[in-house]
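Report on the structure given below.
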Amino acid sequence: MDPEEMRVQALLASHQQSAPRLDFATAVRSLVAYQHGFAVLSTNSKSTPGFPSGSVVGFAPDEMGRPVFVFSGMSGHTQDVLVDPKCSLTVASGDFKGAADGRVNLMGTMEKIPKTDIEPLKELYLSKHPNAFWVNFGDFNWFRLNVENVRFVGGFARAGDVSASDYTKSSPDPIVSVGGKVGKHMNDDHEEATLAMIEHYVGIKVESAKIVAMDSLGMDIVVERTPKGEGQPQSFKIRLPFEEPVKERKDIKEQIVKMTQASSKAA
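Below you can see the structure in the form of structure tokens.
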């Protein structure tokens, strides 16, 4: 490898290793809370004993992050969990495109919710699935997954288990839900500012930069860069922390303006 390229790679690796990120429990709660509400439920098959079965299902997380479901009594996965309630739910980030993007597997025991407890959950489920008219059908069953273990993959070199206690006690990061709109505005109108911030704070030049996520500690950005001596650009995700943690949407703008100005002065 070219010596200059080795220097750039070492600089990038050093910056990324120390870049602040959400703790795993908060990252998982955020992913589950703000995702589109569909995931893959894996059950032990009743019809084909000894084999796993996977189904794409709708869900809505409650205040403790426990997924709530509304299943038809005729569905295979309904029959599966009535026989063996041990199952898992694999939830991918809303913008999932591949191995660099976040996903989580929630393992636990499915609990059938008594009819007396269903009414308060309808609003919860409809807030995520407003067209789910079947919530009022008598032949649909309500379930909750009581989470017992969590396996999280947040991208390359970012993976680990989260205890059920840490998961349920944590809360979603509020900035994750609003950061997408700010990122889109930056991508549409101010990509040059993002490029400048990367050069100033990370120390490398890239050819393109698209903000794909934000949280209270910083931004995730997909960049393209052509290594020296190679004609093929490489695309990868980097972390760009804010100078200070943010608590609400207006704080994001203040941080980006501050970082943009610092990058401009250093250019």
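Its first residue numbered 65, the sequence shown is counted upward by one per residue in our numbering.
Every residue gets a Cβ at the ideal spot worked out from N, C-alpha and C, and that includes glycine.
Check the Cα spacing between Met261 and each of Arg303, Val199, Lys110 and Ser227: the tightest is with Arg303. Non-local beta-carbon contacts of Thr290 in its own chain, meaning distances under 8 Å to residues more than five positions away in sequence, involve Glu271, Gln296, Pro297 and Gln298 in chain order.
Here DSSP, grouped into helix, strand and coil, assigns Pro305 to strand. By DSSP's assignment, Gln325 forms no beta bridge with any residue.
The beta carbons of Lys269 and Val286 sit about 16 Å from each other, so the pair does not count as a contact at 8 Å. Here the segment 190-198 makes no contact with the segment 159-170; the two share fewer than three CB pairs at distances below 8 Å. Looking at the backbone, the Cα of Pro178 and that of Ser229 are separated by about 24 Å. Just so you know, the alpha carbons of Ile239 and Gln81 end up roughly 22 Å apart. For Thr258, the enclosing alpha helix (DSSP H) covers residues Glu255 to Met261. Between Gly137 and Asn205, the gap from beta carbon to beta carbon is short of 8 Å. Restricting attention to Leu188, Phe133 and Ala221, the CA atom closest to the CA of Phe88 is found in Ala221.
In this structure, the straight-line span from the alpha carbon of Thr324 to that of Glu312 is close to 19 Å.
A residue is called buried once 16 or more other Cβ atoms fall within 10 Å of its Cβ, and Met278 is buried on that count. When beta bridges are read from the DSSP output, Glu175 appears opposite Arg208. Separation of the CB atoms of Ala103 and Leu153 is rounded to 5 Å, and the pair is thereby assigned contact status at 8 Å.
Counting other Cβ atoms within 10 Å of its Cβ, Val120 stays below 16 and is therefore classed as exposed. Take the alpha-carbon of Leu95 and the one of Pro236: they are about 8 Å apart. The beta-carbon distance between Arg215 and Val145, rounded to whole angstroms, is 20 Å. This is too long to meet the 8 Å contact definition. In terms of Cβ geometry, Val132 and Val199 do not form a close pair [threshold 8 Å].
Per DSSP, the unbroken alpha helix (DSSP H) holding Ala91 starts and ends at Phe88 to Tyr98. Taken in chain order, the whole alpha helix (DSSP H) runs of length 4 or more contained in the segment 140-191 are 140-147. For the pair Ile316 and Leu86, the Cα-to-Cα distance works out to about 16 Å. Exclusion of the five residues before and after Asp225 leaves Asn213, Val214 and Arg215 as the residues of its chain whose Cβ lies within less than 7 Å of its Cβ. Shown here for Lys322: same chain residues with a beta carbon closer than 7 Å to its own, the five before and five after excluded, namely Glu307 in chain order. Where Glu288 is concerned, the enclosing beta strand (DSSP E) starts and stops at Gly282 to Arg289. Rounded to the nearest whole angstrom, the C-alpha separation of Ile275 and Pro84 is 16 Å.
Collapsing the DSSP output to three states places Gln296 in coil. Cβ contact annotation for Pro125 (same chain, cutoff 6 Å, sequence separation greater than five): Val96, Ala97 and Pro131, in chain order.
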